[in-house]
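According to this note's numbering, the stretch in the sequence shown is residues 43 to 200, in order.
First comes the structure, then the notes that go with it.
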Amino acid sequence: MSLICRVIQVFERLYQISVLIFSWPGVCSDVKNYTTSYHLCQIKPRTGRDRPAPFQPVSIVGEPFERVIIDLVGPLPLSSDRYEYLLTLVDVTARWAEAVPLRRITAKDVAEALFAIFVRLGFPKEIQSDRGQQFMSKLLAEFNKHQTLRIHSVSSSD
43 MSLICRVIQV
53 FERLYQISVL
63 IFSWPGVCSD
73 VKNYTTSYHL
83 CQIKPRTGRD
93 RPAPFQPVSI
103 VGEPFERVII
113 DLVGPLPLSS
123 DRYEYLLTLV
133 DVTARWAEAV
143 PLRRITAKDV
153 AEALFAIFVR
163 LGFPKEIQSD
173 RGQQFMSKLL
183 AEFNKHQTLR
193 IHSVSSSD
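Here it is, written out as structure tokens:
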């Protein structure tokens with residue numbers, strides 16, 4: 043565990059104890075000042091901030107329904123109709139959201155649910171998802187039976 047993490051834990055614990063036993067104006071800043079002036083923190087050089095991951099270029103979308111983001115939610119408590127999963131779809135430009143209940147999350151079931159949405163709203167040029175490569179390959183194969191479109195897999199940090 044890094045020293046910074048330990049200091050943060052010490053600060054949080056000292057603050058919790060101080061508030062339970064004592065209370066005075068500025069207790070939070072006093073505890074913070076005490077923990078940041080801790081001897082080990084003063085003698086160990088700081089390593090700097092973690093660098094964020096570089097941005098990935100994403101195409102700019104101008105027309106509604108050019109790019110949609112899909113995700114699968116579940117397993118959820120079984121509904122009376124025996125649905126256990128939810129397919130969510132959000133249009134990036136228009137912020138239109140759809141949710142479709144599913145009994146299973148196979149590529150075929152997801153493709154059928156998406157196809158039903160696309161028949162009503164139009165086919166997007168790009169589908170973005172954080173699902174695994176194998177799942178997306180199967181989904182793309184199902185869609186290639188109907189129309190060509192681009193599927194873009196990304197990872198999210200949830």
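Quick reminder that beta carbons are idealized off the backbone N, C-alpha and C, glycines included.
The structure presented is a predicted model; accordingly, all values stated were derived computationally and were not measured.
Presumed contact (8 Å Cβ cut-off) between residue i and residue j, rounded CB distance
i	j	result
Leu201	Leu129	The first residue shown for the chain is 43 and the last is 200, placing residue 201 beyond what the model contains.
Glu184	Ala153	3 Å
Pro143	Ser122	Actually they are not in contact, since the Cβ atoms of Pro143 and Ser122 sit about 11 Å apart, beyond 8 Å.
Length of the line joining the Cα atoms of residue i and residue j
i	j	result
Leu149	Leu131	Position check: residue 149 holds Ala in this sequence, whereas Leu was assumed. If you take the alpha carbons of Ala149 and Leu131, they lie about 15 Å apart.
Pro166	Val134	11 Å
Leu163	Ala155	13 Å
Pro137	Arg124	Note that residue 137 corresponds to Arg in the displayed sequence, not to Pro. Approximately 29 Å between the Cα atoms of the pair.
Asp113	Asp172	7 Å
Glu126	Phe157	20 Å
Lys180	Arg146	15 Å
Glu108	Gly116	27 Å
Ile169	Pro106	13 Å
Phe160	Asp151	14 Å
Leu182	Asn75	56 Å
Gly104	Ala139	17 Å
Val110	Gly68	49 Å
Asp72	Met178	53 Å
Range of the contiguous alpha helix (DSSP H) that encloses residue i
i	result
Ala149	149-163
Residue(s) in a DSSP beta bridge with residue i
i	result
Thr135	Answer is none; Thr135 lacks a bridge partner.
Arg146	In the DSSP output, where bridge partners are listed per residue, Arg146 has none listed.
Ala183	DSSP output for Ala183 lists no bridge partner at all.
Leu128	Val115, Pro143
For residue i, the three-state DSSP class (helix, strand or coil)
i	result
Asp123	coil
Asp72	helix
Chain D within 7 Å of residue i, Cβ atoms only
i	result
Val134	Protein chain content of the structure displayed is limited to a single chain, and chain D is not contained in it.
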